[in-house]
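Protein chains in written order, with our numbering: chain R, 1 to 393; chain G, 10001 to 11004. The C-beta atom is built at its ideal place from N, Cα and C for all residues, glycine as well.
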């Protein structure tokens, strides 16, 4: 069966989200970059900024020199994460299988959907329209027989919203003039030696790579030559792999004002932990992994996580883990603005029920009993009815 | 007057790095207020402020006791100096503590206890020391939770207690500053600062009465503090000059040797020794003998003998003895340099001799000195780095966890307001803070941060190394000052140059100078290419007409000290329009000496007057008495000695006072002394009939020497090196410019020098494995770029390539090159991309060479393709990437189409457009940002097009608009007005745009 792979990209997703939230950011040069240092690198650029010669990877300082009126928006990973979830919800009615590439980018496998949704190209057009009108996210869509070509078809579009479909058999002609640097992964650090070598050998386009025999290419690139040669010819058999979502419980808190006092922040974290543990107990689930993310005043985020050998929902078990996470996560001497704690790898409580109605033989530890009593008090009198002194601001 | 018997014997000043809060001034004043006459300063592991303490104590009338708190991880003890020998022992102990990684505290103190009074609460140490000698050993009793235990220890060991409060600050409210300093030192926040890292809040300079109230049950501890204080040595005679000793010679032997070497040198320098020369030598020798300076001269002479090219700089160039010993190369008689500037019978402090060596041999010279005298006798002088205001804000804000961008923005805003604090009538800290909070609308926690930063500023932080100061003593350096080791492994004393000098230690500055290496390399190349050998020491190009003409034209790029745009402009202004009558008699060298002293920030306003007067415009001196003494410099104070002369002539200063005034104006810690001199100057000048406004004007001129200024001998010595550089540029341009670029680090970039070489008519040849040396090579009318210019190419490989080629002949092919050199593939790639292997390629392109290189690396055989060569633009990009600039052509040629549409005026045609508004293009070569009198930023820039260099000025209104567009190595279109002064044209810019972004539809 002929495959129909669609690559959906919302270019500069972080910027698109910021522009959706704040109208004053629209139609003006914006870059997404950490704001804690002038040496920070630009992560994303708006179309208007790109017209000024700014591109990602450039220092913010240089970007400001090139365009004095540029606005720098700090990255907001939490917002991007939730928006990506919303994007996945938005494409749900259009594709049975999809794969996340990165926030704001997805592969959709529309193979075999023609009788259900109509021609894939029409589906893509409907999807693009819905994203633009309903969500305000202008997208670029590439369609082809495989992931590589559809990805390149989308990437080489100039300004969203746009679409490009590469028909079966025309892949090589489409790829020939494209620069080798567009191949996915080749710009990464691990593959930089291949890119450098291609540049040295004056093999700058996919066409020039495809023209060289595999043996000659292997003589200078080794084993990487096989994949590279296939890609240059437009051959890619990799399937669209759907991602699997895991349930989790998340609690967060914004400090006002930002703070750097260890005891105060740990107190607040303990409060969040209590809430997570209470929810776990309520749901009769245990967690095997605890994650902590701290967002500093300069908008940079540090995250760390720890997996435990056994699942638990007791504060007494998780508190030492929390302290360790805090020490690992809070290494910078910069105030903390927001804290996010997450419990995942959730499992149902594996409890041996008693067969007969007989009194329990073992007494629960005091800390567990205390947690249960606190749960009961809060359930009856409200969450603020009782609190540990250390968790108070 | 207090009646309680107590003396503070354990006091830390702000010289206890990032621990002590209060300055020596505050401590001495507070002690005085408490009615005490004695105080000890005992900084942590050092005597960093000892000399300054003695001076401060003297001013406050306090009897000073020197000491230190010696600490290691496990032990601590208070060491007070009882005798001068004890001082030497303390220095030895502190030196061992810093230099010996296996320092054993208890054994070391036991070994060096003689002459020291030891007090500690360290039970193990006390028990050990008590078994050997119980004399002058005390148990240190400090109020606090551990006091009772310490008292029991004292009774158990039978050792007398002594009361101290281990003071770290004067007032109790200084404790937060102490915590802040500790947090900065630990790179942490307040909440993470370990308790043991700080002292207790009660460790302030409490009054004797309160101290007695804290220790009502041990009155003997208080009495012991007085007893110890009385027995400590306090009559310190720092300042007696400690001369190094030459080969264990006696004074007479050293003097005889010096006299003999001087007369031998004079014979060599002058041929026949005239009566004038003899008289000057005898006069100098007499002073040298009286001041016991013979050893010093002989040692310096021995050091300079290790290198053929040296340049004595500073006041030493005024000495004919130095000239005869070849320490300096300027004839002081011929150029009217007065020996008194260097050494005079009334001068109390030791003058130092500064010597420049070629930059690449300076470290070798230092090694030789340490080999010769050993760490036992020699050490480097330190720099004492303290927390400046900006750094204090930054570090304090970090402790409070503020983000970096906010810190940067805030410190920039606040530093502009900080000037208020240094104004003649500054507000109090509190007033300043309130005003600042209102003006800048500061929000919490910034007011608190700034308040803390203000208190933390100027605290001693750490030692670093002085750029070249070496101290050599006759016996053991660790007797005189504690010694530490730098990261480079050199011993360094704990004092900076001022305290070193005040302690009587004689400093020799051994400095690196790139231009001496330039001259050395050029002379070697000339000898190699032409066979002409030039003896540097005896070489006198001062009357060479071509050289003089070159200097008059300001054609001095590459020439030592006179290549900056400001100096070249001044030279051109001075000479271009000088009336022929004056020009005929004006001495180029003498004017060069003046020019090299005049080009300094504080003298910028005088340049115009100077040029006008040099051209013959009459002038009135500010005061008649100044007329004769400043005649040589047309009534303008140019040299440091002008300060001395003016103070003597106008305000009746004695020679010693006037010389001291000259020295004091550039010292940090002499504000009070300077105030006294100011009053003396005003009184003296008024007595001689000077009007108050004239006095104020002259005093301002005197104070302008506080920053960057020179004495005439120094300028003359440097001007001679400038002259020698200019001679080489005039007669051997290829060899000269090749040496300039090879030695790097000149005023301009390598690209600018290459462009200059092209303008000088030299052909620039690309780097080539079959033709290049490691360094640039100039011969005839060609300069070959050296392999050193190829970025990332390792020096040993480059030298191996040259050596193999020299020994076994040129490389015949790329394969031959690979076989003979076997370079690392990454290095071979660098060479290929830089075009160094083009001459070996034959039919092959650069990508084909690389294909063969990689195939060999992968050990693959078989036929390999010959891909197309890189596009021309790609080759140019590789050239820039490999060499750092475009050497094959001028970068402006890349913009030919755009430039043709703009129709700019070429730089060489600028003089035709005086008074006109024109458009030019240029490649930015140098920038010099300055501030106007009103504090507005502006900039002088130098650009070049393919025809010439030209200077342009961006005044504040234009600079504000364009500053963010300015970046080195970029092409610009500039429009503006051509202005002329003294025959020199410059462009006053009204519009500036990058050439790649400029609209091209407007004709010039």
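What is the rounded straight-line gap between the Cα of residue 213(R) and the Cα of residue 143(R)?
28 Å
Kindly say whether residue 270(R), judged by its beta-carbon, lies nearer than 9 Å to any beta-carbon of chain G.
no
7 Å Cβ cut-off: residues of chain G touching residue 36(R):
10403, 10404, 10405
Contained alpha helix (DSSP H) runs [length at least 4] in the region 188-272 of chain R, N- to C-terminal order:
192-200, 206-211, 214-221, 224-232
If you run the structure through DSSP and keep just helix, strand and coil, what is residue 10762(G)?
coil
Note down, in chain order, each residue of its chain lying with its Cβ closer than 7 Å to the Cβ of residue 10056(G), except the 5 sequence neighbours on either side.
10024, 10025, 10028
For the region 10176-10192 of chain G, which residues have a CB atom closer than 9 Å to at least one CB atom of chain R, in sequence order?
10187, 10188, 10189, 10190, 10191, 10192
Please tell me whether residue 10461(G) has its Cβ less than 9 Å away from any Cβ of chain R.
no
Residues, ordered as in the chain, of the region 10834-10864 of chain G that lie near chain R by beta-carbon distance below 7 Å:
10847, 10850, 10851, 10854, 10855, 10858, 10860, 10862, 10864
Cβ-based neighbour list, residue 10514(G), same chain, cut-off 6 Å, excluding 5 preceding and 5 following
10359, 10743, 10745
Entirely enclosed beta strand (DSSP E) segments - the region 10957-11004 of chain G, minimum 3 residues:
10971-10981, 10984-10994
Of all the options 319(R), 9(R), 8(R), 368(R), which has the alpha carbon lying nearest to the alpha carbon of residue 281(R)?
368(R)
Looking only at its chain, what residues have a beta carbon closer than 6 Å to the beta carbon of residue 10112(G), apart from the 5 residues adjacent to it on each side?
10089, 10092, 10093
Who are the Cβ neighbours of residue 10546(G) in its own chain at under 6 Å, not counting the five residues just before and after it?
10730
Between residue 186(R) and chain G, is the shortest Cβ-Cβ distance under 9 Å, so that the two count as touching?
no
Could you tell me which uninterrupted alpha helix (DSSP H) segments, each at least 4 residues in length, are contained entirely in the region 34-88 of chain R, listed from first to last along the chain?
47-51, 60-66
Please decide whether residue 10444(G) counts as near chain R, where near means a Cβ-Cβ distance under 9 Å.
yes
Check whether the Cβ of residue 219(R) lies closer than 9 Å to any Cβ atom in chain G.
yes
Report yes or no: is there a C-beta of chain R within less than 9 Å of the C-beta of residue 10787(G)?
no
Quick one, which of 295(R), 335(R), 373(R), 354(R) has its alpha-carbon nearest residue 315(R)'s?
373(R)
Quick check on residue 31(R) - is its C-beta less than 9 Å from some C-beta in chain G?
no
Measure from the C-beta of residue 212(R) to each C-beta in chain G and report whether the shortest distance is under 9 Å.
yes
How about residue 10915(G) and residue 10974(G): do their beta carbons lie closer than 9 Å?
no
Using a C-beta cutoff of 9 Å, does residue 10972(G) count as contacting chain R?
no
Taking 9 Å as the threshold (beta carbon to beta carbon), is residue 55(R) in contact with chain G?
no
Contact list for residue 202(R) against chain G, beta-carbon separation under 7 Å
10847, 10867, 10868, 10870
Sorted by chain position, which residues of the same chain lie with C-beta nearer than 6 Å to residue 10321(G)'s C-beta, five sequence neighbours on each side aside?
10262, 10284
Thinking residue 10060(G) and residue 10032(G) are a contact (beta carbons under 8 Å), I'd like their distance in whole angstroms, please.
5 Å
Name, going along the chain, the residues of the region 325-358 of chain R whose beta-carbon falls closer than 7 Å to a beta-carbon of chain G.
333, 334, 335
Please identify, using Cβ separations under 8 Å, the residues of the region 62-73 of chain R that lie next to chain G, in order along the chain.
64, 65, 68
Write down every uninterrupted run of the beta strand (DSSP E) in the region 10782-10850 of chain G whose length is 3 residues or greater and which is fully enclosed by it, in chain order.
10782-10784
Quick one: which chain R residues come within Cβ less than 8 Å of residue 10398(G)?
333
Outcome for residue 388(R) when other beta-carbon atoms lying within 10 angstroms are tallied against a minimum of 16
exposed
Please list the residues of the region 286-312 of chain R that have a C-beta atom closer than 8 Å to any C-beta atom in chain G, keeping them in chain order.
296, 297, 298
Quick one: grab the DSSP three-state call for residue 10679(G).
helix
Alpha-carbon to alpha-carbon, residue 10797(G) and residue 10823(G)
7 Å
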